[in-house]
Structure formats: structure tokens, C-alpha cells
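2 is the number of the first residue of the sequence shown in this note's numbering; add one for each residue after it. Report on the following structure.
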Amino acid sequence: MDTHPSAALRGIRHRFAVRRDWLTDLALGGGLTAFDVLTLLSRAPAPGPLGVLLWGLQTVPLAWRRRRPRAVLCAMTAAFVVFEVVDPVPGKIPGPYLLVFAVYAVARYTPVPTGALWTALSLATAVTTDLLTGRTGPPQPGSVEPITATTFVVFYGVAWLVGYGRRRIVLQADRLRDLNERLGEANTHLRDANERLRAERAVNARQAVVAERARIARDLHDVVAHHVSAIAVQARATEEVLPEAPADGRRGVARIATTADTALIEMRRILGLLTADGERAAEQDGLVGPAQEPSLRHLDRLFAAVEAAGCRVTSTVDGALGDLPSALQVSVYRIVQEALTNVLKHAGGADVRVVLHRDGTSVTVSVENGPAGDGHRPPPGSGRGLLGVRERVGAFGGTVRAGPCPDGAGWRLSAALPLEVPA
2 MDTHPSAALR
12 GIRHRFAVRR
22 DWLTDLALGG
32 GLTAFDVLTL
42 LSRAPAPGPL
52 GVLLWGLQTV
62 PLAWRRRRPR
72 AVLCAMTAAF
82 VVFEVVDPVP
92 GKIPGPYLLV
102 FAVYAVARYT
112 PVPTGALWTA
122 LSLATAVTTD
132 LLTGRTGPPQ
142 PGSVEPITAT
152 TFVVFYGVAW
162 LVGYGRRRIV
172 LQADRLRDLN
182 ERLGEANTHL
192 RDANERLRAE
202 RAVNARQAVV
212 AERARIARDL
222 HDVVAHHVSA
232 IAVQARATEE
242 VLPEAPADGR
252 RGVARIATTA
262 DTALIEMRRI
272 LGLLTADGER
282 AAEQDGLVGP
292 AQEPSLRHLD
302 RLFAAVEAAG
312 CRVTSTVDGA
322 LGDLPSALQV
332 SVYRIVQEAL
342 TNVLKHAGGA
352 DVRVVLHRDG
362 TSVTVSVENG
372 PAGDGHRPPP
382 GSGRGLLGVR
392 ERVGAFGGTV
402 RAGPCPDGAG
412 WRLSAALPLE
422 VPA
């Protein structure tokens, strides 16, 4: 059910037009009938009741000319024929003057082929009746003369053309009005669609902000946790060797400073993403190399930092990794970084084996470490590291496993990321 305001307005306008047209037709039929009867009664001598009745019946059907135009034409033609044949008023010739109202109604309110057929039948009937009764010809008192077959054709033709022209004008006006209303409805729907689109854009923007904040939080956690863990391990090692080997202690302090500088650079890069000019600011500060988006080309730098903290890293790369999509490279890098961070936290200077394998469908990451050294004190953890790894792997539709090594000595983290992200 159409509840649009324009549809309700059309319904009100239609009901009003129907009542107005009915009253107009009633006034036309009743007014013409009253006028003809009063005119006829003013004649001398006064006509009889039959003549007045038959004369008045010729215009009464006009009250239904819009709703039943063909029936009105038939009724008025029949009344004309009866008046012509009976001749109740001597010298009174009806002629085509009243029939033109019915002809106009047929041309105006019925389809063209149907209206033309009924008009032609009425014209033939009226002309034949007039010729057979001998009412055409010389002038008659009280009539518009002379009345001939040509008179009927001219009056019928003019009435038909006027009605047909009016029909076309009204149809065109209705079509234009309907198009205008439909255009208004379309504009309304378009405005509603624009409002919904703006609302969806706002929701999507908020969701994008939330997702970007979550991504930045993961990256920040990875960077901070990795480098701070490395600093903590290096600081403890330096603390142990400083009294007996000052030179080794100074080298350890230098590695702590380098690791802290690297952490600060990466943190500034990540936090710079929160501003519109973050990338340009990084370039102005000379933050190239570590400040760039991490990729698998930077794994050697990552391994070197872990080895500087006391771990012994063995890496194996099976398959070409340089042509992987950048998003996948960042995720693989962060997974390896988080795994090495966990090694530094929980196993100290343990041996670490990193294996990267690429086949036709996926990239597999495996990080395995040996048992922790004696006296290692792991710092407290938040648990967000492994959660971040699961989120990164889940974003690509992959799988991740973490747990003790099969021999029970050490820990293993493995993840498989498909090359094509499932829909």
C-alpha cells in the first residue's frame, strides 16, 4: 500500500475532481433542460405535455456525459429520432444543436476508435431520420434554417474535433503532472538515499578509525614489547659482566642504547600515523630504514637485534618471499617479531630456529626455541602478544599453533597464512 504523501494528495484531488465533474454535468443537463422547456413554453400557441416531455428528454442524459458518454449519445440520438418522427410541436425542428454536446463528450471521454464509430452511427441515424421525415429544406418558424445533411456533418465534425483536441490536451497535462509527481518522489527517495549513504559513511568511518586504532595498538605493542624485552635481557647480561669485564659491559650498554634508539624511531613512526603529516615528519627527521613499513627484507636486522640480546638465531627461508603482498609481509614480520620477543622474555639467551616456507597456497612461519638458561627471570607479560598474533593470522584466514616442543624442551609457535584471503 502506497503511503507516500504525494499518493494521498493524488487520491484527495481525484475524489474532489469526481464530485466537481458530477455537479458540473448535473448543472449542464438540468440547466439546458430547464432552458429548453421554458423557451418552448413561451411559444404561442403553447405546446402540449407530450411535446414538452419529448423536447426536455433530449438534454436530460447530459447529466451522465462524463461517466456514460456513449450511452448519453445513444439516448440523445434516440430522443432526437422520436421527436422527429412524432413531431409533437409543429414547426419545431431540433436539428443537431443539442446533439453536439453528446458528440463532444464521446470524443473527449472515450478512446478515439470507439468514439469515432459511435459518432458516425449517430450522425448517420440523425441525417437519415431527418431526410426520411422531410424536416430539412425550407426555413421553418422558430428554427435555425436551413437545416441540411451538411449542417449535421459540420456540427458533428466541429464538436468531434473540439472534444478530441481537449482529450489530447488533458492527457498530455495528466502525463506531465504524473511525471512531475514521479520526479518529486524520485527526488525524495534520492534525498533519503543520500541521508542513508551519509549515515553509512559515518559508521564506516568510525569503524575504520576503530580498526586503525586496533592495528596501531598491535604494532605499538609488538615494537615496545620486542625492544623493551631486548633491553631488559641486555641490561641483565651487562649487569652480570660489568664488574669482571668492563669492556663487555660498555658494549652491552651500547647495544642497549642502539636498541632503545630503534624502539623510539619505530614508535615515532607508528604514532606519526595518527597525524596527517606523519609520513612527511618522518622524512624530515631522517627516519628511513627502521622507520619504513616493516617487511621481510628487514628480518636480518631483527635477527641481529635478537642476537645482540644474547640469543643464537638460525634462520631458513624456503621459497621466494620478496613478491608477497605488503600486508602479508608486514603480518609475517610482526609474527616473527612477537615470537622472538616471547623468546627473549621467557627463555633469555636460548637458541632460536626460524623457518619461513612458501608453497603454492600459503606461507608458513615457525619459530622454535630451546629451554631457558639457569637463573633466567622472565618479566611479567600481558598476554596481548599471542592474541595479536592470532588476530593477524585470522585476518588472512590462517591458523596458528603455540605450545611446547614435542620433546618437551622449549617452545614452538607456528602459523600458516593463505596467499589468497578468503571472502
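Quick reminder that beta carbons are idealized off the backbone N, C-alpha and C, glycines included. Quick caveat: nothing in here was measured; it's all calculated off a predicted structure.
Fill in: Contact under 8 Å by Cβ, Thr362 with Leu297
no
Discussion item. For a test of the three-state rule: what should DSSP assign to Gly399, helix, strand or coil?
Written reply: coil
Discussion item. Taking the alpha carbon of Ala387 as the reference point, which residue from Phe397, Ala396, Val401 has its own alpha carbon closest?
Written reply: Contrary to the premise, residue 387 reads as Leu rather than Ala in this sequence. Closest by alpha carbon: Val401.
Worksheet item: When the Cβ atoms of the segment 31 to 39 are set against those of the segment 105 to 119, are three or more pairs found closer than 8 Å?
Response: no
Item to complete: Kindly indicate which three-state DSSP category Asp131 falls into: helix, strand or coil?
Response: helix
Discussion item. Can you confirm whether the segment 87 to 94 touches the segment 72 to 79 when touching is taken to mean that 3 or more C-beta pairs between the two stretches lie within less than 8 Å?
Written reply: no
Fill in: Counted within 10 angstroms of its Cβ, other Cβ atoms place Arg281 as buried (16 or more) or exposed
Residue placement at Arg281 is poorly supported in this model, since its pLDDT is 48, which falls under 50; the coordinates still yield a value, given next. The residue is exposed, with fewer than 16 neighbouring Cβ atoms inside 10 Å.
Discussion item. In the DSSP output, what is Asp319 paired with across the bridge?
Written reply: His358
Fill in: 8 Å Cβ shell around Leu329 - same chain, five flanking residues per side excluded
Val364, Phe397, Leu418, Leu420
Practice prompt. Would you give the residue range spanned by the beta strand (DSSP E) that Ala417 belongs to?
Written response: 412 to 419
Item to complete: Kindly list the residues whose CB is nearer than 6 Å to the CB of Arg66, restricted to its own chain and excluding five residues on each side of it in sequence; keep chain order.
Response: Asp26, Val73, Ala106
Worksheet item: With 16 as the cutoff for other CB atoms within 10 Å, does Thr129 come out buried or exposed?
Response: exposed
Worksheet item: Using the C-alpha atoms, what's the distance from Asp262 back to Ala277?
Response: Unreliable positioning characterises Ala277 in this predicted model, as indicated by a pLDDT of 46, which lies under 50. The coordinate reading is nonetheless provided below. Computed Cα separation, rounded: 24 Å.
Discussion item. Can you look up Gly164 in the DSSP assignment and give me helix, strand or coil?
Written reply: helix
Discussion item. Need the endpoints of the beta strand (DSSP E) that Leu368 sits in, please.
Written reply: Looking at the sequence shown, residue 368 is not Leu but Val. Residues 363 to 370.
Worksheet item: For the 8 Å Cβ check, are there 3 or more pairs between the segment 191 to 204 and the segment 302 to 314?
Response: no
Discussion item. Only counting the same chain, and skipping five residues up and downstream in sequence, which positions put a Cβ closer than 8 Å to that of Val425?
Written reply: Beyond the ends of the chain as shown, which are 2 and 424, falls residue 425; an answer cannot be given.
Worksheet item: Just how far apart, CA to CA, sit Gly49 and Asp131?
Response: 22 Å
Item to complete: List the whole-angstrom C-beta distance separating Ala108 from Arg168, where the pair is believed to meet the contact cut-off of C-beta under 8 Å.
Response: 6 Å
Item to complete: Have a look at Tyr334 and Asp408 and give me their C-alpha separation to the nearest angstrom.
Response: 27 Å
Item to complete: Classify Gly404 as helix, strand or coil using the three-state DSSP reduction.
Response: strand
Worksheet entry | Same chain, Cβ closer than 6 Å to Ala348, five either side skipped, listed in chain order | Asn370, Ala373
Worksheet item: For Ala160, which residues from the same chain have a beta carbon less than 6 Å from its beta carbon, with the 5 sequence-adjacent residues on both sides left out?
Response: Val101, Val104, Tyr105
Practice prompt. Give the secondary structure of Asp324 by DSSP, where H, G and I count as helix, E and B as strand, and everything else as coil.
Written response: coil
Worksheet item: Sorted by chain position, which residues of the same chain lie with C-beta nearer than 6 Å to Arg176's C-beta, five sequence neighbours on each side aside?
Response: none
Discussion item. Tell me the rounded alpha-carbon separation between Trp56 and Val154.
Written reply: 22 Å
Worksheet entry | Contact set for Asp352: own chain, Cβ-Cβ below 6 Å, skip 5 residues either direction | Arg313, Gly371
Item to complete: Check whether the Cβ atoms of Val366 and Ser327 sit closer than 8 Å, and answer yes or no.
Response: no
Worksheet item: Between Leu162, Leu124, Ile257, which lies nearest to Thr149 when the distance is taken from Cα to Cα?
Response: Leu124
Worksheet item: Quick one: Cα of Val344 to Cα of Gly404, how far?
Response: 13 Å
Item to complete: Reducing DSSP to helix, strand and coil, say where Val90 ends up.
Response: coil
Practice prompt. State yes or no: is the C-beta of Glu339 within less than 8 Å of the C-beta of Val390?
Written response: yes
Item to complete: Name the one or two DSSP bridge partners that Asp301 has.
Response: Paired residue(s): none; Asp301 is not in a bridge.
Discussion item. If you reduce the DSSP assignment to three classes, tell me which class Arg237 lands in.
Written reply: helix
Worksheet item: Ends of the alpha helix (DSSP H) at Ala108?
Response: 100 to 110
Discussion item. Tell me the rounded alpha-carbon separation between Ala233 and Arg251.
Written reply: 16 Å
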